[in-house]
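Below is one structure, written out as structure tokens; the observations come after it.
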Amino acid sequence: MHPGRIIVLKSNVLRGLAIIGLGLVSAAVAAADYPKRAIRLVVPYVPGGVTDSMARLLAQKLSERVGQPVVVENKPGAGGVIGAENVIGAAPDGHSLLFGTVTLTVYPSYEKNFTYDIHKDLAPITITSNAPYVISVSKDSPFKTLDDLIQYAKANPNKLNFGSPGVGTSTHLAFEYFLKAADIKMVHVPYKGSAATLPALMSGEVQANMDTYIGIAGAVESGQIRPLAITSKERAAFNPSIPTADEAGLKNFTVDTWFGVFAPGKTPSDIVAKLNTELVEVLKDPQVVKNFTSQGSIIANSSEAFAQVLVDDEKKWAKVIEDAGLKTQ
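Counting in the working numbering, the sequence shown runs from 24 upward without gaps.
Rendered as structure tokens:
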């Protein structure tokens, strides 16, 4: 090779390395200087709900750690899509975050005109916690165990019904997942939001329901409904009297919902890493632990592990939607 060409090639290589080096330095400086101002934590649901209350506690504790205000903004609508789109469209500098749920992995398969790619347009930071579901019946139900319910439904397809907060919601799909695992058929009765499903169960309007424990705790503790099983691998500390689905007759069945924090997709990796570190520490706070474990478990995983959960869950819910014969909206 001609000596002049070698010099040019070396020069190009050095220039490329210098550019990469400057990029790494810039990212490190950005993370070191972060956050520069208040952080928005967008909740894609109405104020006052479980997700909202968890986000507000998380925001308070994160603010204490990073030395800047963390302000919760509620942007409800379209099952969480509006809030997610708001964060996706924000500057990818770590000052706009999303407190999302498992629903984010449902809509890509259910919504025909879904507008974004959760794997590219959002940067997962950490799953804060998860919450198993509880399968329940009314206090007057003849079903004393989960196996009673399953055996009756096997012998009487579509004679029983179940309620949910709406078609395509994570709760609806979790129950469809249960029906598939148990090889039974029941009629779905959708309501407009979770506030209507518990009264429907208590009155006998529907024969079964699935919800997180915090949504039914009062009715369970007052004896108005009977919990048949919890969908976690082990009995829950918040009510260890409820057997697991495995113990109650449905082997190896687990399903849960999760809550997690996201940044816009092109947020620098150093800022994502810093947010992960700070949030993992927040999730050790005694007040946070007490609040979050009242309905589930603290997760606090890495951003890489969270990204894999998104891939796995999207595949799982796509299969559930297909098996249930649900039409895209």
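Where is the CB? At the ideal position from N, CA and C, for every residue including glycine.
Per-residue DSSP class, three states only, for residue i
{"i": "histidine 211", "result": "strand"}
{"i": "asparagine 299", "result": "helix"}
{"i": "phenylalanine 261", "result": "coil"}
{"i": "alanine 114", "result": "coil"}
{"i": "glycine 191", "result": "coil"}
{"i": "alanine 61", "result": "coil"}
{"i": "asparagine 232", "result": "strand"}
{"i": "leucine 370", "result": "Lying outside 24 to 352, the shown extent of the chain, residue 370 is not represented and no answer is given."}
{"i": "leucine 224", "result": "helix"}
{"i": "serine 76", "result": "helix"}
{"i": "glutamate 96", "result": "strand"}
{"i": "threonine 267", "result": "strand"}
{"i": "valine 129", "result": "coil"}
{"i": "arginine 28", "result": "Its pLDDT being 49, under 50, arginine 28 is placed unreliably by the model, and the measurement read from it follows with that caveat. Here arginine 28 sits in helix by DSSP."}
{"i": "leucine 145", "result": "strand"}
{"i": "proline 291", "result": "coil"}
{"i": "tyrosine 200", "result": "helix"}
{"i": "isoleucine 309", "result": "For the sequence presented, residue 309 should be read as proline rather than isoleucine. Proline 309: helix per DSSP, three-state reduction."}
{"i": "aspartate 336", "result": "helix"}
{"i": "glutamate 304", "result": "helix"}
{"i": "phenylalanine 166", "result": "coil"}
{"i": "serine 326", "result": "helix"}
{"i": "glutamate 134", "result": "coil"}
{"i": "phenylalanine 315", "result": "helix"}
{"i": "tyrosine 139", "result": "coil"}
{"i": "glutamine 331", "result": "helix"}
Cβ neighbours of residue i in the same chain (closer than 8 Å, five flanking residues each side left out)
{"i": "isoleucine 248", "result": "Ser159, Val160, Ser161, Lys162, Leu221, Leu224, Met225, Asn232, Ile239, Ala242"}
{"i": "valine 278", "result": "Pro155, Tyr156, Ala197, Tyr200, Phe201, Thr254"}
{"i": "valine 312", "result": "Leu306, Ile321"}
{"i": "lysine 203", "result": "Val343, Asp346, Ala347"}
{"i": "valine 94", "result": "Ala61, Ile62, Arg63, Leu64, Ala82"}
{"i": "valine 73", "result": "Thr235, Ile237, Gly238, Gln318"}
Cα-Cα separation, residue i to residue j
{"i": "alanine 50", "j": "valine 295", "result": "Note that alanine 50 scores a pLDDT of 49, beneath 50, so its modelled location is shaky and nothing firm can be said."}
{"i": "lysine 84", "j": "glycine 102", "result": "27 Å"}
{"i": "lysine 256", "j": "valine 157", "result": "12 Å"}
{"i": "leucine 32", "j": "proline 291", "result": "Unreliable placement is indicated for leucine 32, whose pLDDT of 48 sits below 50; the coordinate value is still reported in the next sentence. Roughly 30 Å separates the two Cα atoms."}
{"i": "alanine 260", "j": "valine 305", "result": "21 Å"}
{"i": "asparagine 314", "j": "methionine 77", "result": "8 Å"}
{"i": "proline 70", "j": "leucine 302", "result": "22 Å"}
{"i": "serine 119", "j": "isoleucine 237", "result": "28 Å"}
{"i": "valine 332", "j": "serine 187", "result": "24 Å"}
{"i": "glutamate 337", "j": "isoleucine 141", "result": "10 Å"}
{"i": "alanine 176", "j": "lysine 208", "result": "7 Å"}
{"i": "valine 104", "j": "proline 213", "result": "20 Å"}
{"i": "aspartate 234", "j": "aspartate 75", "result": "17 Å"}
{"i": "asparagine 136", "j": "glutamate 108", "result": "13 Å"}
{"i": "asparagine 299", "j": "glycine 227", "result": "45 Å"}
{"i": "glycine 191", "j": "tyrosine 130", "result": "8 Å"}
{"i": "isoleucine 148", "j": "alanine 286", "result": "7 Å"}
{"i": "phenylalanine 122", "j": "glycine 100", "result": "14 Å"}
{"i": "alanine 218", "j": "serine 193", "result": "15 Å"}
{"i": "arginine 79", "j": "glutamine 174", "result": "43 Å"}
{"i": "serine 20", "j": "glutamate 96", "result": "A query on residue 20 cannot be resolved here, the shown segment of the chain reaching from 24 to 352 and no further."}
Residues sharing a beta bridge with residue i, DSSP
{"i": "asparagine 153", "result": "Trp281, Ser320"}
{"i": "glycine 123", "result": "Gly283"}
{"i": "proline 70", "result": "Paired residues: none, contrary to the question."}
{"i": "asparagine 184", "result": "Val210"}
{"i": "leucine 158", "result": "Correcting the residue identity first, residue 158 is isoleucine in this sequence and not leucine. Paired residue(s): Met233, Ala252."}
Nonlocal neighbours in the same chain, by C-beta distance under 7 Å from residue i, ignoring five residues either side
{"i": "valine 48", "result": "With a pLDDT of 49 at valine 48, under the threshold of 50, the predicted position of this residue should be treated as unreliable, though the coordinate-derived value follows. Contacts found: none."}
{"i": "lysine 215", "result": "Gly189"}
{"i": "glycine 246", "result": "Lys162"}
{"i": "arginine 88", "result": "Glu301, Glu304, Val305"}
Sequence-distant residues of the same chain with beta carbon closer than 6 Å to residue i, five excluded per side
{"i": "leucine 252", "result": "Checking the displayed sequence, the identity of residue 252 turns out to be alanine instead of leucine. Around alanine 252: Ile158, Leu169, Pro266, Ala268, Ala271."}
{"i": "aspartate 116", "result": "none"}
{"i": "glycine 106", "result": "Val65, Pro67, Lys98"}
{"i": "glycine 288", "result": "Lys143, Asp144, Leu145, Ala146"}
{"i": "isoleucine 150", "result": "Trp281, Gly283, Ile322, Asn324, Phe329"}
{"i": "alanine 341", "result": "Ser132"}
{"i": "tyrosine 139", "result": "Ile111"}
{"i": "leucine 172", "result": "Phe166"}
{"i": "valine 210", "result": "Asn181, Asn184"}
Anticipated Cβ contact below 8 Å, residue i with residue j, distance rounded
{"i": "isoleucine 344", "j": "tyrosine 57", "result": "So it is not a contact: roughly 38 Å between Cβ atoms."}
{"i": "serine 326", "j": "serine 152", "result": "Their Cβ separation, rounded to whole angstroms, is 16 Å, which puts serine 326 and serine 152 out of contact at 8 Å."}
{"i": "glutamine 230", "j": "serine 317", "result": "28 Å between Cβ atoms; not a contact."}
{"i": "alanine 205", "j": "leucine 127", "result": "So it is not a contact: roughly 27 Å between Cβ atoms."}
{"i": "alanine 54", "j": "lysine 297", "result": "5 Å"}
The ligand MG heavy atom lying under 7 Å from the CB of residue i
{"i": "tyrosine 130", "result": "No copy of the ligand MG occurs in the structure displayed, which carries no ligand at all."}
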